[in-house]
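Numbering-wise, the sequence shown is residues 790 to 915 according to the numbering used here. Idealized CB from N, CA, C, for every residue including glycine. Contents: one structure, followed by commentary.
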Amino acid sequence: MTDRELMNIAKNASMHSYSPYSKFAVGAALECEDGTVFTGCNVENAAYGDTICAERVACCKAISEGRRDFLRIAIYAEGENYCMPCGSCRQFLCEFNPEMEVLCAKAGNRYVSYRLNQLMPHRFGF
Ligand code: THU
């Protein structure tokens, strides 16, 4: 699957976003070794701190289906800036594959690509 195809899946997932507070819809598409893709969107709450990011929703869906072999994640939002994963999502995803590729989109069909360990050097672990 191309990066663009994976990003398009993330875009479709963003349409399910529940984000009445920030009004910032995010979608994620997390790809496994055999090409299986798990999607997620951000899910906000009136208790703002209980919000869950799109990336962690996708990751939890995959883990709960028995999958941990993640290769790539596409993160879609139509912001002015590239939608980079937050610190919590970086730590969370690093648990499973610090080498995974991270595609981050912004408005205008633009995206940038990183390795997760570039975004999260010196992560916590024991
Ligand atoms: N958000 C994500 O879902 N993923 C990110 O990578 C950045 C932030 C969500 C959380 C919240 O619902 C909204 O974007 C604004 O912070």
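When 798, 825, 862, 791 are compared, the shortest CA-CA separation from residue 905 is found for 862. Burial state of residue 879 is buried, judged by a 10 Å Cβ sphere holding 16 or more other Cβ atoms. Of all C-beta pairs linking the segment 830-848 to the segment 802-822, three or more are shorter than 8 Å, placing the two stretches in contact.
Sixteen is the threshold: when 16 or more other Cβ atoms of the shown chains lie within 10 Å of the Cβ of residue 831, as they do, the residue is buried.
At least one heavy atom of the ligand THU is found less than 7 Å from the C-beta of residue 808. Around the beta carbon of residue 901, fewer than 16 other beta carbons lie within 10 angstroms, which makes this residue exposed. Excluding its 5 nearest sequence neighbours in each direction, residue 896 has C-beta neighbours in its own chain below 8 Å: 867, 868, 869, listed in chain order.
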